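Structure first, then comments.
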Amino acid sequence: MNKTFGIGSVLALLLLLQATVSAQITGLAGTLGNDMVKVTNVDAANNSVDVTSSAAFSIGDTVLVMQMKGASIDINNASTFGDINDIANAGGYEFATICDVQGNTITFTNLLLNNYDPDGYVQLIRVPVYQNVVIGGTLTEQAWNVNTGVGGVMVVAARGWLRVNAPVRMNGTGFAGGWDMNGYAPCDCNCGAAPQYQDYYYNSGNCRSAAKGESIADSIPGREFGRGKLAAGGGGGNDHNSGGAGGANYGAGGNGGTTINPSCFFFGGYCRGQFAGVGGVALSSPIASNDRIFLGSGGGSGHDNNTTGTPGASGGGIIILIADSIEGGNRQLEAIGNGQLFNAVGDGSGGGGAGGTIILNTRAYGPGALTLNVAGGKGGDNSWGGSSTNCKGPGGGGGGGAIWSATATIPANYTTLVTGGIAGSNVGATCNGMSLGAGAGGAGAVLNNWVFRTSFNPFSGCVLPVEYAYFNATAEDAQVALDWGTTYESNSAYFDVQRSFNGATFTSIGRVNSAGNSASGETYRFIDDAPVAGELWYRLREVDQNGASLYSEIRSVFFDGIVPELQSVYPNPVSGNDLNIELLMPAAGNIDLELVDIQGRTLLRIQEALSKGSRTLQLPVGSFADGFYLLKVNGARQTVRKVVIRR
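Take the sequence shown: its letters are residues 275 to 921, numbered as in the numbering used here.
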């Protein structure tokens, strides 16, 4: 089954891969509901993954495979702590199509591009593809959750156009900020001559430091706290009351702020409070190589020994829009890193989260403007009102994220915001305006020519029951003809033909037996001889001999219906028993006649299948009272005539 894809746009490949397709939707809103599960095992030999639950996945589904973490870092107690030694497959991703689902094992049709490591938090995300879609209400998705190993990613895909008529927000849904250690006993001032408060890492809960922000490198047991960065995660503030650093994405995180030299904290030649969090390292290099997508990393927590500090803030999530064309509605796409909402009071302030990632995978932009925002979050402020010789450390700003477009440029009427978050400062009366070394996050970037990643190499162990060559729906006179062809069939049983009047709910209208097995393909036709005027949607459900099923793409067609020409109504007024109606039928089809009184009540109705050409029908009206009536001839356009009965 070595199929050659003669497709110029890689975007089109995704749309071909998707078998279960929703039709035109007029208002996506709320939580999108991309089904997400954690990958627990990767079997490269069988081109499959094991997941926590396969309930939401079916053969033919398009999915996104993405590894969230897995980078290795320097773990020495030095300024190099947190430097990335090997990015590994952190941020690696690809789109794939499901070949088979057996229990919680999912097999893919094409060989995976990347070598995924389940220990690096790999998630599998189902991607429904719509036939044109309008985002009609504020849209979001679940935040990243390290405990479940899923979240933080939204994918909206459409064959045709995608219209953004409402905000899409993934703000603060990325990697978490370092948590605040409220409730820890205060560290006293008599800590001896050893510089116990300048290390780059400490074990969790050590009162000499605060937690690092979450990032693409997992926390190192026994090294969860301290001023050293955690790859792109901001370092936590060290004792005493120094600020946490900002998280990073494309732009680096800003350093946290120190405290003013308090003389009672000066021991052994070192001044406590002078060792603030180190900003997260910029991920610009792996991003620019176009094979990595990252959540915004979290900011480090400020040092807190009196329960008045603040934690680090979370980074922004990931938004991926896929369509033949994207139309703006003067709305916002936001994956902003969170900033601090509350001021620390006498303890260290947390760092801001980094901006996330927005990807626009389209070949063309339609009318309308959009604002794309992946700015980093602001570092925390401190409203200490005590002595001006004892001001506390503010938080560093989060770095800006990345905006990718598949085209060479982004439209001029699209506003792009990739700024790093500003540093926090002291806002109290005695220390007002002092940032004390807290830095702003580095700017993100707007990048072009993003390449859609999917494998073209078929997996020999995957044999789909059917491969479609084409599927068409055409209005023909009084009917709709459905024609489809296959290039390959294996153990198929039949095609269940389904129709929808609203593009969402489908019902079966017929069955066509399939060839069963065919190496060269077959052609099929089904006639819907009772369509309803208006827009109709059709799809095929291929049912295998073992009961498994696979949906085709959806096709829509506008059916005008039969519009009979009402040539004559006589006699009118009518004094006898019969009213004659002459009709010209442009094609064979169903006719619907109603005689209605002036109160709108239907007194007589005739529904009949008529052949093409001129026909005369007789309505028996001898039992009706004298008066005015309406004759309705129903088609795609209703014809109404006034009828008078007078005896």
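For every residue, glycine included, the Cβ atom is placed at its ideal position computed from N, Cα and C. From a predicted model like this one, the values you see are computed outputs, not experimental measurements.
Could you give the DSSP three-state label for LYS277: helix, strand or coil? Note that LYS277 scores 27 on pLDDT, short of 50, meaning its location in the model is unreliable; the coordinates nonetheless yield the value given after this. In this structure, LYS277 counts as coil in the three-state DSSP scheme.
Taking Cβ positions, are PRO805 and ASP852 nearer each other than 8 Å? no
Could you give the distance in angstroms between the alpha-carbon of PRO402 and the alpha-carbon of ALA703? 54 Å
Taking the straight line between their C-alpha atoms, what separation do you get for LEU398 and THR689? 31 Å
Contact check, ILE561 vs ALA345, beta carbons under 8 Å: no
Straight-line Cα distance separating LEU878 from SER888: 22 Å
Mapping DSSP to helix, strand and coil, what is ARG815? strand
Determine the DSSP secondary structure at PRO495, reduced to helix, strand or coil. coil
Considering VAL431, what are the terminal residues of the beta strand (DSSP E) in which it resides? In the sequence as displayed, the identity of residue 431 is Ala instead of Val. Run containing ALA431: 427-438, per the beta strand (DSSP E) assignment.
Cutoff 8 Å; reference ALA329; Cβ partners in own chain excluding five residues on either side: none
Sorted by chain position, which residues of the same chain lie with C-beta nearer than 6 Å to GLN881's C-beta, five sequence neighbours on each side aside? ASP866
Can you have a look at THR812 and say buried or exposed, based on whether 16 or more other CB atoms are within 10 angstroms of its CB? The residue asked about is misnamed: residue 812 is Tyr in this sequence, not Thr. Buried, by the Cβ-count rule.
Span of the alpha helix (DSSP H), counted from its first residue to its last, around ALA562: 558-562
Are the stretch 611-630 and the stretch 644-664 in contact at 8 Å, needing three or more beta carbon pairs? yes
In chain order, what residues of the same chain have a beta carbon less than 8 Å from the beta carbon of GLN892, not counting five sequence neighbours either side? ASP852, LEU853, ASN854 and ILE855
Which full runs of the alpha helix (DSSP H) of 4+ residues lie inside the stretch 550-606, going along the chain? 558-562
With respect to 7 Å, is the separation between the Cβ of ILE919 and the closest non-hydrogen atom of the ligand SAH below this value? As for the ligand SAH, it is missing from this structure, which has no ligand bound.
Using 8 Å as the threshold, is the C-beta distance between SER766 and SER788 below it? yes
Distance between CYS373 and PRO732 (C-alpha atoms, nearest Å): 11 Å
Within 10 angstroms of its Cβ, does SER235 collect 16 or more other Cβ (buried), or is it exposed? Residue numbering for the chain in the displayed model covers 275 to 921; residue 235 lies beyond these limits and cannot be assessed.
What does DSSP give as the partner residues of TYR798 in its beta bridges? TRP758
If we call anything under 8 Å between Cβ atoms a contact, is GLY654 one with GLY674? no
With 16 other Cβ atoms within 10 Å as the buried cut-off, status of TYR474: buried
Could you round the C-beta distance between GLY630 and ILE594 to whole angstroms and report it? I think they count as a contact, below 8 Å. Going by Cβ atoms, the distance from GLY630 to ILE594 rounds to 11 Å, so no, they are not a contact pair.
Taking GLY510 as the reference, give the member of ALA899, LEU385 and SER575 with the closest Cα. SER575
Please tell me whether SER516 and GLY530 are closer than 8 Å, where the distance is taken between their beta carbons. yes
Measure how close the beta-carbons of ARG915 and LEU814 come, nearest whole angstrom, since I'm counting them as under 8 Å. Wrong, their Cβ atoms sit about 42 Å apart, outside the cutoff.
Assuming GLU827 is part of the beta strand (DSSP E), what are its boundary residues? Here GLU827 belongs to no beta strand (DSSP E), and DSSP marks it neither H nor E.
Per the contact definition of three or more C-beta pairs closer than 8 Å, is the stretch 492-508 in contact with the stretch 676-691? no
For the beta strand (DSSP E) that GLN416 lies in, which residues bound it at each end? Note, GLN416: premise wrong, no beta strand (DSSP E); not H, not E.
Just to confirm before moving on: does the CB-CB distance between GLY366 and ASP565 stay below 8 Å? yes
How would you label ASP578, buried or exposed, when you count the other beta carbons within 10 angstroms and need 16 or more for buried? buried
Determine the direct distance from the alpha carbon of GLY573 to that of LEU644, and round the result to whole angstroms. 28 Å
Around the Cβ of ARG921, are there at least 16 other Cβ atoms within 10 angstroms (buried) or fewer (exposed)? exposed
How many whole angstroms separate the CB atoms of ASN776 and ARG829, which I take to be in contact at a CB cut-off of 8 Å? Contact doesn't hold; Cβ gap of about 15 Å is too wide.
To the nearest angstrom, how far is the alpha carbon of SER563 from that of ALA556? 14 Å
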